[in-house]
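Enquirer: One structure is given below, represented as structure tokens, and several questions about it will come after.
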Amino acid sequence: MLIKQYLLGPMANFIYIIVDESSSKVAIVDPAWEVPFLIDELEKNQWELEKVLLTHGHNDHVNGIEELLAYKEVPVYLSQDEAPFYTPKVELERLSDGDTVSVGSSSLTVLSTPGHSSGCVCYCSDTNIIAGDMIFIDGCGRVDLPGSDPEAMYDSLRKVYQLDDQLMVWPGHDYGSVRSERLGNLKKTNPYLSAVDKSDFFEKRGV
Ligand SMILES: [Zn+2]
Numbered sequence: 009m010l011i012k013q014y015l016l017g018p019m020a021n022f023i024y025i026i027v028d029e030s031s032s033k034v035a036i037v038d039p040a041w042e043v044p045f046l047i048d049e050l051e052k053n054q055w056e057l058e059k060v061l062l063t064h065g066h067n068d069h070v071n072g073i074e075e076l077l078a079y080k081e082v083p084v085y086l087s088q089d090e091a092p093f094y095t096p097k098v099e100l101e102r103l104s105d106g107d108t109v110s111v112g113s114s115s116l117t118v119l120s121t122p123g124h125s126s127g128c129v130c131y132c133s134d135t136n137i138i139a140g141d142m143i144f145i146d147g148c149g150r151v152d153l154p155g156s157d158p159e160a161m162y163d164s165l166r167k168v169y170q171l172d173d174q175l176m177v178w179p180g181h182d183y184g185s186v187r188s189e190r191l192g193n194l195k196k197t198n199p200y201l202s203a204v205d206k207s208d209f210f211e212k213r214g215v
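Here the sequence shown is numbered in the numbering used here, starting from 9 and rising by one per residue.
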């Protein structure tokens with residue numbers, strides 16, 4: 009499985025194309041901002057778009073969906089907890105914690121990580137975690153938006169902290185000095201992931 013990362017749009021969003029190299033089937037994670045560019049990538053590399061995966065429903069992560077589906081009608085996956093807050097008129101496949109989604113012959117596991125929004129999820133392979141706005145290189149998602157929950161964010165950070173140090177973390181925005189990082193390093197350098205307890209996290213986050 010290959011992870012292609014693209015920095016697109018005015019808000020430093022990372023959009024991902026997940027490639028199953030054996031079949032050339034791909035999933036696009038959080039299609040937004042520059043759909044013609046994404047379509048060009050598909051065609052240039054002869055990748056077959058199989059599905060769209062959403063980490064959550066905020067506009068800066070989903071504003072390209074209708075345009076992408078006009079290019080090719082594929083299923084769109086989103087957490088069942090996020091679906092009630094999702095506004096684009098698109099039919100959804102609803103995900104729960106622990107579900108697996110396939111990309112060609114590869115598969116990803118859904119990790120429920122609410123806090124930034126009610127239904128934020130990460131998509132995990134054996135070696136990668138596509139984290140959306142749950143965690144950034146130097147930060148974590150805002151917890152002061154409608155649907156945010158600082159307590160849930162703290163719990164999600166603890167859940168991710170338990171995962172393998174070798175996982176490569178792929179965030180939803182380019183907020184940091186590098187574009188991706190091993191989880192083991194983030195456990196030492198990310199101020200929210202390294203919070204020693206809930207009150208430390210709340211203090212750092214200004215909750
Ligand atoms: Zn967001």
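Positions of the beta carbon are idealized from the N, C-alpha and C atoms, including for glycine.
#1: Between which two residues does the beta strand (DSSP E) harbouring proline 179 extend?
#2: I need the residues with a C-beta less than 5 Å from some heavy atom of ligand 1; please give them in chain order.
#3: Which residue comes first and which comes last in the beta strand (DSSP E) that contains phenylalanine 22?
#4: If you follow the beta strand (DSSP E) that alanine 139 is in, where does it begin and where does it stop?
#5: What are the boundary residues of the alpha helix (DSSP H) that includes isoleucine 11?
#6: Apart from the five residues just before and just after alanine 139, which ones in its own chain have a Cβ nearer than 7 Å to its Cβ?
#7: Within the same chain, show all residues whose beta-carbon is closer than 6 Å to that of alanine 91, passing over the 5 residues directly before and after it, in chain order.
#8: Within the same chain, show all residues whose beta-carbon is closer than 7 Å to that of serine 32, passing over the 5 residues directly before and after it, in chain order.
#9: Checking 8 Å against the spacing of the C-beta atoms, do isoleucine 36 and valine 60 come in under that value?
#10: Within this structure, are the beta carbons of aspartate 172 and leucine 201 separated by less than 8 Å?
#11: May I have the straight-line CA-CA distance separating serine 104 from proline 83, to the nearest angstrom?
#12: Between the C-alpha atoms of isoleucine 137 and tyrosine 169, what's the straight-line distance to the nearest angstrom?
#13: Quick one: what's got a C-beta closer than 7 Å to serine 30's C-beta in the same chain, skipping five residues either side?
#14: Would the beta-carbon of glutamate 42 be found less than 7 Å away from any heavy atom of ligand 2?
#15: Relative to the C-alpha of serine 156, which residue among Ile26, Asp89, Trp41, Gln13 is closest?
#16: For the alpha helix (DSSP H) containing leucine 77, list its first residue and its last residue.
#17: Quick check: what's the CA-CA separation for leucine 62 versus aspartate 38?
#18: Are the beta-carbon atoms of glycine 65 and leucine 46 separated by less than 8 Å?
#19: In three-state terms, what does DSSP make of isoleucine 145?
#20: Can you tell which of Cys148, Ile26, Lys80 has its C-alpha closest to the C-alpha of glycine 184?
Expert: A quick look at the data gives this:
#1: Following the DSSP letters along the chain, one finds proline 179 inside the beta strand (DSSP E) bounded by residues 176 to 179.
#2: Screening all residues for a C-beta within a distance smaller than 5 Å of any heavy atom in ligand 1 leaves His66, Asp141, in chain order.
#3: Where phenylalanine 22 is concerned, the enclosing beta strand (DSSP E) starts and stops at 21 to 28.
#4: From DSSP, the beta strand (DSSP E) with alanine 139 extends over 136 to 140.
#5: Boundaries for isoleucine 11: no alpha helix (DSSP H) harbours it, while the beta strand (DSSP E) harbouring it runs 10 to 16, taken from the DSSP string.
#6: Hits under 7 Å: Cys130, Val177, Trp178, Pro179, Gly180.
#7: Correct list, in chain order: Leu100, Arg102.
#8: If the five residues before and after serine 32 are omitted, its C-beta is found closer than 7 Å to the C-beta atoms of Gln54, Trp55, Glu56, all from its own chain and listed in chain order.
#9: A Cβ-Cβ contact shorter than 8 Å links isoleucine 36 with valine 60.
#10: Cβ atoms of aspartate 172 and leucine 201: not closer than 8 Å.
#11: Between the C-alpha atoms of serine 104 and proline 83 there is a straight-line separation of about 16 Å.
#12: The alpha-carbon separation between isoleucine 137 and tyrosine 169 amounts to approximately 12 Å.
#13: Short of 7 Å from the beta carbon of serine 30, and not among the five residues preceding or following it, lie these beta carbons of its own chain, in chain order: Gly112, Ser113.
#14: Looking at this structure, you won't find ligand 2 anywhere; what it does contain is ligand 1.
#15: Ranking Ile26, Asp89, Trp41, Gln13 by Cα distance to serine 156 puts Asp89 first.
#16: Leucine 77 -> alpha helix (DSSP H) spans 73 to 79.
#17: In a straight line, the C-alpha of leucine 62 is about 5 Å away from that of aspartate 38.
#18: Cβ distance not < 8 Å, so glycine 65 and leucine 46 don't count as in contact.
#19: Here isoleucine 145 sits in coil by DSSP.
#20: Among Cys148, Ile26, Lys80, the Cα nearest to that of glycine 184 belongs to Cys148.
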